[in-house]
Amino acid sequence: GAVVSQHPSWVICKSGTSVKIECRSLDFQATTMFWYRQFPKQSLMLMATSNEGSKATYEQGVEKDKFLINHASLTLSTLTVTSAHPEDSSFYICSAREQLSRLAKNIQYFGAGTRLSVL
Amino acid sequence: AQKVTQAQTEISVVEKEDVTLDCVYETRDTTYYLFWYKQPPSGELVFLIRRNSFDEQNEISGRYSWNFQKSTSSFNFTITASQVVDSAVYFCALNAGNNRKLIWGLGTSLAVNP
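Chains A and B, in that order, are what the protein sequence lines are.
With my numbering applied, the first sequence closes on residue 1221, and no number is skipped along the way.
With my numbering applied, the second sequence closes on residue 137, and no number is skipped along the way.
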């Protein structure tokens, strides 16, 4: 159980194009999903917290117009990198946390990540 | 302030050695959760364990064991008889109070050599 699918796993795009990354919880409902960015040999940097049916909460320094997040259902959140530039090249990882309940354990389960290369 | 410190940046051991990864945390909250995740070269983060602040029992899962000590604010992770497949970056993380976010350590890169 607790499987999170992230797609695509790898994408190369030209500068100026937009890229959409999908994050799906396959066997549980996730009221909250998180989007992270990770640079080589560094820790995870939280970009935003995505809540189903409401606007995402962005961390300080993250451009909301640059990184569009949509959490339209309890199993799907998307991150769109708009007008991508080479400096946006990175490893993007999503995680999903099970709908909070008495039985939920506040555990984030992670997707496999998306390696974005902007030329 | 909440903080997680993993002082060991890189560790290299030979297969079958035991290795302990250190994690020290800071929080003023009395209710909090501690986590360990493994990130192999493929990149996916794998959940290993969650411990809440009211449960100081140590835990063993196969070759993995965790030592939670509130007195020293530490949550250390030991791999017994390490294997090459254990080579990965290991992250310790903290979730405290009403904060829904995980506070991450910088990770410890473990290399297990044959």
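Built from N, CA and C at the ideal position, the CB exists for glycine as well.
Within the same chain, and ignoring the five residues on either side of residue 36 of chain B in sequence, the residues whose Cβ sits closer than 8 Å to its Cβ are 42, 105, 133, 134, 135 and 136. The Cβ atoms of residue 1126 of chain A and residue 1193 of chain A do not sit closer than 9 Å to each other. When the Cα atoms are used, residue 1209 of chain A and residue 92 of chain B turn out to be separated by approximately 21 Å.
Chain order gives the chain B residues near residue 1214 of chain A as 65, 66 and 67, where near means a beta carbon separation below 8 Å. For residue 26 of chain B, the CB contacts under 6 Å within the same chain, skipping 5 residues up- and downstream, are 49 in chain order.
Boundaries of the beta strand (DSSP E) around residue 1171 of chain A: 1169-1175. Distance from the CA atom of residue 29 of chain B to the CA atom of residue 115 of chain B, rounded to whole angstroms, is 7 Å. The Cβ-Cβ distance between residue 80 of chain B and residue 69 of chain B does not fall below 9 Å. Within its own chain, the residues whose Cβ lies closer than 8 Å to the Cβ of residue 54 of chain B, once the five positions on either side in sequence are excluded, are 75, 76, 77, 119 and 120, listed in chain order. Taking the C-beta atoms as reference points, residue 1159 of chain A is found no nearer than 9 Å to residue 1124 of chain A. No Cβ of chain B is located within less than 9 Å of the beta carbon of residue 1130 of chain A. By the Cβ criterion, the stretch 83-100 of chain B is not in contact with the stretch 1213-1221 of chain A, since fewer than three pairs of Cβ atoms, one from each stretch, lie closer than 8 Å. Within the stretch 1141-1167 of chain A, contact with chain B at the beta-carbon level (separation under 7 Å) is assigned to 1145, 1146, 1148 and 1151. Any Cβ of chain A closer than 9 Å to the Cβ of residue 124 of chain B would place that residue at the interface, and such an atom is present.
For residue 133 of chain B, no Cβ of chain A is located within less than 9 Å of the residue's own Cβ. Cα atoms of residue 1111 of chain A and residue 1195 of chain A: separation of roughly 10 Å, rounded to the nearest angstrom. The alpha carbon of residue 1156 of chain A has as its nearest neighbour, out of A/1149, A/1133, A/1167 and A/1165, the alpha carbon of A/1133. Taking C-beta separations shorter than 6 Å and ignoring five residues to either side along the sequence, the partners of residue 1105 of chain A in its chain run 1128 and 1129, following chain order. In the assembly as shown, residue 107 of chain B is an exposed residue. Its beta-carbon has fewer than 16 other beta-carbons within 10 Å. In the DSSP assignment, residue 1115 of chain A forms a beta bridge with A/1220.
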